[in-house]
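For the sequence shown, position 135 matches number 161 in our numbering, and the numbering has no gaps at all. Ideal placement from N, C-alpha and C gives every residue a C-beta, glycine not left out.
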Amino acid sequence: MLNLIKVLLFEPQKLNITLRMKEPTYRKIFFLLAFISMLPLVFDGWLLLKQFGTDLRQLETAVPAFELNDDSELTLLDGEKPFVFYSDTFVLTVTDQSKPPVTNSSSGLLTVNMTRHHMQIAGMDTTMLLDYQEISPLNTEVLQQFIKTTVQLRYVYFFFYMAILYLFCCLMMLVIQWFYRILVMIVATSMGIMIAPNAFRRLTSVLSIMPVCVMAILESTHFSTSSSVFIGAALILYLTYRTFKITKRNVS
């Protein structure tokens, strides 16, 4: 991969010779590009996971004493008052009233409201209601044990998150490669260059190494996604034109 980047940037006249080599194959380049595009999301997910674990540990010791009565209604014990827990990753409220205390629902955070009759889970523009009969038994000890288990298994959840994320990035890379092939084809046609289908696919993957790396770096700095896509497209157009121009000059 590093050799391909070196040739692409400093010795584009040798790209044709490099592409005749068996390694790295198109599939290896493709899956590596998908992995590179995934890295900013993995980094953000890791930071979120660490903060989520910290918030859960704080919540575990702050949960008020409560239980469900015979009518599956939440009751606060020992004179506990309605409880609101704000954190950087989620909001939890526990009350024996019919309505939850006022929370910042516009924050975009995952919000769990445990009211007298049901549990409300809100986030990502969706809201779900759960009757306590569906999740009985529920009390302070059960909730604390659930929190402790979640903290212990958070790395397992993160592994599944990475697996799903990589599959998503592979699908996105298919779209990106298709889009880049169109751009490369436009440049090749305008310059009167004909490329065999198999070589064209591998050539596009090689030309897209730098754009994908640049887009990943921009995404890691929370740069605008639309702007990074535009920069990636402009970069592959430049690299394609530069490579074809130097190649034609050497041939002639």
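For residue i and residue j, I'd like the C-alpha separation in whole angstroms.
i: Met154; j: His143; result: 14 Å
i: Ala60; j: Leu200; result: 9 Å
i: Phe172; j: Ser250; result: 38 Å
i: Ala189; j: Gln170; result: 29 Å
i: Phe256; j: Arg268; result: 18 Å
i: Leu85; j: Thr51; result: 50 Å
i: Leu100; j: Thr247; result: 44 Å
i: Val110; j: Asp151; result: 21 Å
i: Asp104; j: Leu179; result: 32 Å
i: Arg275; j: Arg53; result: 31 Å
i: Arg83; j: Pro237; result: 41 Å
i: Phe78; j: Asp70; result: 12 Å
i: Val89; j: Asp122; result: 14 Å
i: Val138; j: Ala260; result: 44 Å
i: Lys32; j: Ala148; result: 49 Å
i: Glu49; j: Ala222; result: 18 Å
i: Ala225; j: Asp157; result: 59 Å
i: Tyr206; j: Leu193; result: 20 Å
i: Ser124; j: Tyr112; result: 20 Å
Reducing DSSP to helix, strand and coil, say where residue i ends up.
i: Gly71; result: helix
i: Leu100; result: strand
i: Gly149; result: strand
i: Val238; result: helix
i: Met154; result: strand
Specify, as a first and last residue, the run of the beta strand (DSSP E) that residue i falls within.
i: Phe92; result: 92-94
i: Val110; result: 109-112
i: Phe116; result: 116-120
i: Thr137; result: 136-140
So residue i and residue j are supposed to be a Cβ contact under 8 Å. How far apart are they, rounded?
i: Leu94; j: Asn165; result: 7 Å
i: Gly258; j: Val232; result: The pair is not a contact, with the Cβ atoms about 15 Å apart (cut-off 8 Å).
i: Thr266; j: Val182; result: Not a contact, Cβ separation roughly 43 Å.
i: Val117; j: Met140; result: Contact flag wrong, Cβ pair sits at about 11 Å.
i: Leu244; j: Ser252; result: In fact, because the Cβ distance is near 11 Å, the residues do not count as touching under 8 Å.
i: Met198; j: Ser63; result: 7 Å
So the candidates are the options; which of them puts its Cα closest to the Cα of residue i?
i: Cys195; options: Thr215, Ala242, Phe172; result: Ala242
i: Leu209; options: Ile55, Ile190, Leu229; result: Leu229
i: Thr273; options: Leu261, Ile219, Asn224; result: Ile219
i: Lys107; options: Phe226, Pro126, Gly258; result: Pro126
i: Leu191; options: Thr51, Phe57, Thr121; result: Phe57
i: Thr215; options: Leu263, Gly105, Pro237, Leu135; result: Leu263
i: Leu135; options: Asp114, Ser124, Thr121, Asp96; result: Asp114
i: Asp96; options: Phe69, Gln159, Phe116; result: Gln159
i: Trp204; options: Leu265, Ser234, Asp157; result: Ser234
i: Arg184; options: Leu73, Phe109, Met145; result: The identity of residue 184 in the sequence shown is Phe, whereas the question assumes Arg. Comparing Cα positions, the closest option is Leu73.
i: Ser162; options: Met64, Met145, Met150; result: Met145
i: Asp81; options: Leu65, Lys54, Val177; result: Val177
i: Lys271; options: Met217, Ile147, Leu102; result: Met217
i: Thr167; options: Thr87, Ile221, Glu49; result: The residue you asked about is not Thr; residue 167 is Glu in the sequence shown. For Glu167, the nearest C-alpha among the options comes from Thr87.
i: Tyr187; options: Lys32, Leu75, Met47; result: Leu75
i: Ile202; options: Leu65, Arg227, Ala222, Leu156; result: Arg227
Can you tell me where the alpha helix (DSSP H) holding residue i begins and where it ends?
i: Leu216; result: It is worth fixing the name first, because residue 216 is Ser in this sequence and not Leu. Start and end: 180-216.
i: Val232; result: 223-233
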